[in-house]
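First comes the structure, then the notes that go with it.
Residue numbers (our numbering): 1 to 408.
Laid out in structure tokens, this is it:
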């Protein structure tokens, strides 16, 4: 028991200087960082050894010394510290602080990648793709790059898209996979991927689907472009003679939704609802994908679901719906502020929104706004304002004197 206590005390005592060292390094106080890291590194702390190597490599508080940096990384690598394995592997591949040794470099990168360290997965994939070990490693390179890309590495996704689009000496082009990874790179912010996708899309010259160019939509859909999949689904569900069959259209709609097409997500949800009850988690997922993709028509419904769950995020999507012209969303926002259970109660903001609904085209919305106004506000102006919303509003009645039930 005493041994365990001593170990815990040791961990606590060493973690504080390491945190101080990292804070000093982030603040640019390299002298302080080095003074904290040096004793920890010499005592065998792998993270301290890695950070000290990082400072030596880049010349942060020291003269740049790649050889010493590598020595510290190798010490940390002996303890399987993935970032150190990664940097040491790159050093051997680049001949930085050591003679070139591609085999040793790749071996170290593999060790880091096997620990699930995503930067090492990307570096390993790039090294193998560049024939660091000679030919024959492209399939392995693609597997590691895919691991990195699917973990959010934009450059890895972009590189995979290019490789699959053009092929290599060892692999043939695979356009569906190229589209898949370029779409991932685009979602991660790659402008280059957006340009390449545009070039690869056969339907780019078919902004309006006709009997003469519908084959371009089919080519695009087969490559994995969700917009073409959705457009074909719309044609089929509308029974357009030269569109897909209804069965094909349903499958295309499902595929487009699975590929994240915003409106397809919403339309697929409507289709599922007609078939029967929908799992609430799937319902929320489809609505979230729709609204985050820019399909504002789903914002009101998504906001209402979040409000029922008492999520403050409801305000964001109800406001989005209201700003896009869905006046009923204004009622929901006002209720949130009046209810005061999801958000702090704000009568002034609620009243402003209710009064803005005077311009709503839906008489039912204006009538509900008038009822809310009379239920919550009893000052002399409230009656006149309610009548501006609904000329038939009854002021001072017992029905309007009590606030309606709060949100469920």
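Glycine residues also receive a C-beta, built at the ideal position from the N, C-alpha and C atoms. Owing to the predicted nature of the structure, the values given are computational and were not obtained by experimental measurement.
Point to revise | Burial state of residue 231 (16 or more Cβ within 10 Å) | key: When all chains shown are included, residue 231 counts as buried.
Point to revise | Stretch-stretch touch, CB-based, cutoff 8 Å, three pairs: the region 347-359 with the region 298-315 | key: In this structure the region 347-359 does not touch the region 298-315; the number of beta carbon pairs closer than 8 Å is below three.
Point to revise | Contact under 8 Å by Cβ, residue 37 with residue 51 | key: yes
Point to revise | Inter-residue spacing [alpha-carbon to alpha-carbon] between residue 343 and residue 328 | key: So the alpha carbons of these two residues sit roughly 19 Å apart.
Practice item. Consult DSSP for residue 262 and reduce its assignment to one of helix, strand or coil. Key: helix
Exercise for review: May I have the straight-line CA-CA distance separating residue 117 from residue 67, to the nearest angstrom?
Suggested key: One C-alpha to the other measures close to 24 Å.
Review point. CB-CB under 6 Å to residue 111, same chain, minus the five flanking residues each way: which ones, in chain order?
Key: 85
**Study point:** Cβ-based neighbour list, residue 58, same chain, cut-off 8 Å, excluding 5 preceding and 5 following
**Key:** The residues 64, in chain order, have a CB closer than 8 Å to that of residue 58 in the same chain once the five nearest residues on each side in sequence are set aside.
Practice item. Could you check what DSSP says for residue 242 in three-state terms: helix, strand or coil? Key: In this structure, residue 242 counts as coil in the three-state DSSP scheme.
Exercise for review: Taking the CB atoms as reference points, tell me whether residue 221 and residue 228 lie closer together than 8 Å.
Suggested key: yes
Exercise for review: Using only alpha-carbon positions, find the residue among 121, 390, 157, 236 that is nearest to residue 187.
Suggested key: 157
Practice item. Quick one: measure Cβ to Cβ for residue 100 and residue 77, integer angstroms, because I've assumed they're closer than 8 Å. Key: 18 Å between Cβ atoms; not a contact.
Exercise for review: Would you kindly report the start and end of the unbroken alpha helix (DSSP H) that includes residue 227?
Suggested key: For residue 227, the enclosing alpha helix (DSSP H) has its first and last residue at 226-237.
Check your understanding: Quick one: Cα of residue 295 to Cα of residue 48, how far?
Key -> Taking the straight line from one Cα to the other gives about 48 Å.
Exercise for review: With residue 84 as the anchor, note down where its alpha helix (DSSP H) starts and where it stops.
Suggested key: Here the alpha helix (DSSP H) through residue 84 covers 82-94.
Review point. Residue 30 and residue 55 look like a contact to me (Cβ under 8 Å); what is the Cβ gap, rounded to whole Å?
Key: 7 Å
Review point. Are residue 224 and residue 259 closer than 8 Å when you measure CB to CB?
Key: yes
Point to revise | Selection from 70, 170, 197 that minimises the alpha carbon distance to residue 178 | key: Residue 197 is the option with its Cα nearest to residue 178.
Point to revise | Residues near residue 391 in its chain [Cβ-Cβ closer than 8 Å; skip 5 each side] | key: So no residue of the chain qualifies.
Review point. Among residues of its own chain, excluding the 5 on either side of residue 240, which ones have a beta-carbon nearer than 7 Å to its beta-carbon?
Key: none
Review point. Would you report the Cα separation of residue 45 and residue 19, rounded to the nearest angstrom?
Key: 13 Å
Check your understanding: Among residues of its own chain, excluding the 5 on either side of residue 22, which ones have a beta-carbon nearer than 6 Å to its beta-carbon?
Key -> none
Practice item. Please name the residue in 226, 70, 309, 265 whose C-alpha comes closest to that of residue 285. Key: 265
Practice item. Could you check if residue 352 is buried or exposed, using at least 16 other CB atoms within 10 Å of its CB as the buried criterion? Key: exposed
Check your understanding: By Cβ distance, which residues of its chain are closer than 6 Å to residue 164, with the 5 residues on each side in sequence left out?
Key -> 174, 177, 178
Review point. Count the other CB atoms within 10 Å of the CB of residue 87; is the residue buried (16 or more) or exposed (fewer)?
Key: buried
Check your understanding: What's the C-alpha gap between residue 399 and residue 333?
Key -> Note that residue 399 scores a pLDDT of 43, beneath 50, so its modelled location is shaky and nothing firm can be said.
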